[in-house]
Amino acid sequence: FACYGFDVLVMRSTTEGLPRWTKEFVSNTNQQLKEQYSKAGIPFNYRNPMIINGGDGRHQHPTQCFLDLRTMLDIGNIQNIPLRGLPIALLNDIANSRVHSSIISVAPTLGLELHFAAPGRFGPRESQLEYLKAKGATFYNHGDDWEKAMRSSTIAIHSRPQKERVGKGEDLRTIKEWGCMTAERFEKLANQVPYLLHPRPVDSALFEEIHYSLRFHDADWSLFQASNGPYTRMALPAIGLDRMSIDYDFSTKKNTSLELSYLQLNVNNNSHAKAGLRSGHIEGDGIVIDHITAGRGRRLAGVLGFERENVPKTIAD
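This is how it looks when you write it as structure tokens:
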């Protein structure tokens, strides 16, 4: 990867810290290559790629955090509530959720007020609480009282219980039932219902995370949240590579939505920006089709006519 001139490497790993290690390794490799090319008297054109962490173990999930913050700004704008001081409930598996871990890491900087609720030992880790205390953040640990946490919050972020995190003597089904969001539970909250967010996807077979009774509920904003994902994840590399600049002061201005016309984005004059940074397609560079079932790549290429036409392509199953 260090030798191929990539602009960006997006990583998702079960190993905590792997993206940071990769950044250091690729940077050191890039420097070594630069020195060797200089000694050989050859121009050096390899880039030092930007590393984006798409989630590493239970450590962090920065891209999800950015789109969650984008959604918080949108909801705060609806309620005319600034981000600073916005009460947020973190629910379910807080100890192991990298989504929650990322929110906790930025809470002191952004002044978020956190309300924790989780079954048993799945509450916030001691290290997380110590971090928040050291940073002077405002937080409340409500134990397993999900109702109190939700009544205290404008936004509730749910996380899925993970089978591999359940220990001996613990019942995964009981843990799932504790965290299952239903219309009936929301009715108990009366006029204190928070906006419900979830990193998605949710269990669409058994509805053990967000019940189907909430599918069209006014409080379920998880699909709106997911729709912020493409814009945010396109903006991050574009900003990091200086192909997009932001003229926006979060300390003085209210939020807008993060489409290319939002956040007062000024796109630099280059071919990629002119293409509108559309997902999967960049003018002059081709098309990327992913999430194809293993072994079906060539079949799809045939259906689309790529096998008959003289179309440059790479198929990786």
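Read in order, the letters of the sequence shown are residues 29 to 345 in the working numbering.
Idealized CB from N, CA, C, for every residue including glycine.
All values derive from a computational prediction rather than experimental measurement.
Please classify residue 221: does DSSP put it in a helix, a strand, or coil?
-> Three-state DSSP puts residue 221 in coil, outside helix and strand.
Three-way DSSP call (helix, strand, coil) for residue 181 in this model | Reduced to three states, the DSSP call for residue 181 is coil.
Measure the beta-carbon distance from residue 170 to residue 144 and round it to whole angstroms, keeping in mind my assumption that it falls under 8 Å.
-> So it is a contact: roughly 6 Å between Cβ atoms.
Considering only residues of the same chain and omitting the five flanking positions on each side of residue 65, which have a CB-CB separation below 6 Å?
-> Answer for residue 65: 72, listed in chain order.
Looking only at its own chain, which residues have a Cβ that is under 8 Å from the Cβ of residue 225, when we skip the five neighbours before and after it?
-> So the qualifying residues of the chain are 96, 99, 183, 184, 185, 186, 249, 250, 253.
Determine, using beta-carbon pairs with one atom in the segment 105-113 and one in the segment 79-87, whether at least three such pairs fall under 8 Å.
-> No, the segment 105-113 does not touch the segment 79-87.
Neighbourhood of residue 281 by C-beta, 7 Å cutoff - its chain only, sequence neighbours within 5 removed | Because the pLDDT at residue 281 is just 46, under 50, the model does not fix this residue reliably, and the value given afterwards should be weighed accordingly. In the same chain as residue 281, and ignoring 5 residues on each side of it, no C-beta atom comes closer than 7 Å to its own.
Pick out whichever of 263, 272, 210 has its Cα sitting closest to the Cα of residue 247.
-> Nearest C-alpha to residue 247 among 263, 272, 210: 210.
Enumerate, from N- to C-terminal direction, the unbroken alpha helix (DSSP H) stretches of 4 or more residues contained entirely within the segment 134-177.
-> If we require 4 residues or more, the alpha helix (DSSP H) runs fully inside the segment 134-177 come out as 154-162.
Report, in whole angstroms, the separation of the C-beta atoms of residue 88 and residue 133, which I expect to be a contact under 8 Å.
-> Correct: roughly 7 Å between the Cβ atoms.
Could you name the residues of the same chain whose beta carbon sits closer than 6 Å to that of residue 167, not counting the 5 residues immediately before and after it, in chain order?
-> Closer than 6 Å at Cβ, skipping near neighbours: 142, 160.
In or out: residue 315 buried (at least 16 other Cβ within 10 Å) or exposed?
-> The Cβ neighbour count for residue 315, taken over all protein chains shown within 10 Å, is under 16; the residue is labelled exposed.
Straight-line CA distance for residue 61 to residue 54?
-> Annotation: residue 61 to residue 54 spans about 10 Å, alpha carbon to alpha carbon.
For residue 186, which beta-bridge partners are listed by DSSP?
-> Beta-bridge pairing links residue 186 to 119.
Residues in its own chain within less than 6 Å of residue 176 by CB, not counting five upstream and five downstream?
-> Correct list, in chain order: 170.
Per-residue burial, residue 242 [other beta carbons within 10 Å of its own, 16 or more giving buried] = Classification of residue 242: buried, given that the 10 Å Cβ count is 16 or more.
Would you grab the beta carbon distance between residue 181 and residue 117 for me? Rounded to a whole angstrom, and I think it's under 8 Å.
-> Residue 181 to residue 117, Cβ: 4 Å. Contact.
Which first and last residues belong to the alpha helix (DSSP H) in which residue 108 is found?
-> From DSSP, residue 108 is part of no alpha helix (DSSP H); its letter is neither H nor E.
According to the neighbour-count rule (16 or more other Cβ atoms, all chains shown, within 10 Å of its Cβ), is residue 163 buried or exposed?
-> Its Cβ having fewer than 16 others within 10 Å, residue 163 is exposed.
Limits of the unbroken alpha helix (DSSP H) element including residue 56 = Per DSSP, residue 56 belongs to the alpha helix (DSSP H) from 46-68.
What distance in whole Å lies between the Cβ atoms of residue 75 and residue 33, which are believed to be in contact at a cut-off of 8 Å?
-> Your pair residue 33 and residue 75 checks out as a contact, with CB atoms roughly 5 Å apart and the cut at 8 Å.
Measuring alpha carbon to alpha carbon, tell me which of 264, 321, 70, 260 ends up nearest residue 101.
-> Of the candidates 264, 321, 70, 260, the one whose C-alpha sits nearest the C-alpha of residue 101 is 260.
From what residue to what residue does the beta strand (DSSP E) around residue 78 run?
-> Run containing residue 78: 78-84, per the beta strand (DSSP E) assignment.
Counting along the chain, where does the beta strand (DSSP E) carrying residue 39 start and finish?
-> For residue 39, the enclosing beta strand (DSSP E) starts and ends at 36-41.
Mind checking residue 240: buried by the 16 CB within 10 Å criterion, or exposed?
-> The residue in question, residue 240, is exposed, as its Cβ has fewer than 16 Cβ neighbours within 10 Å.
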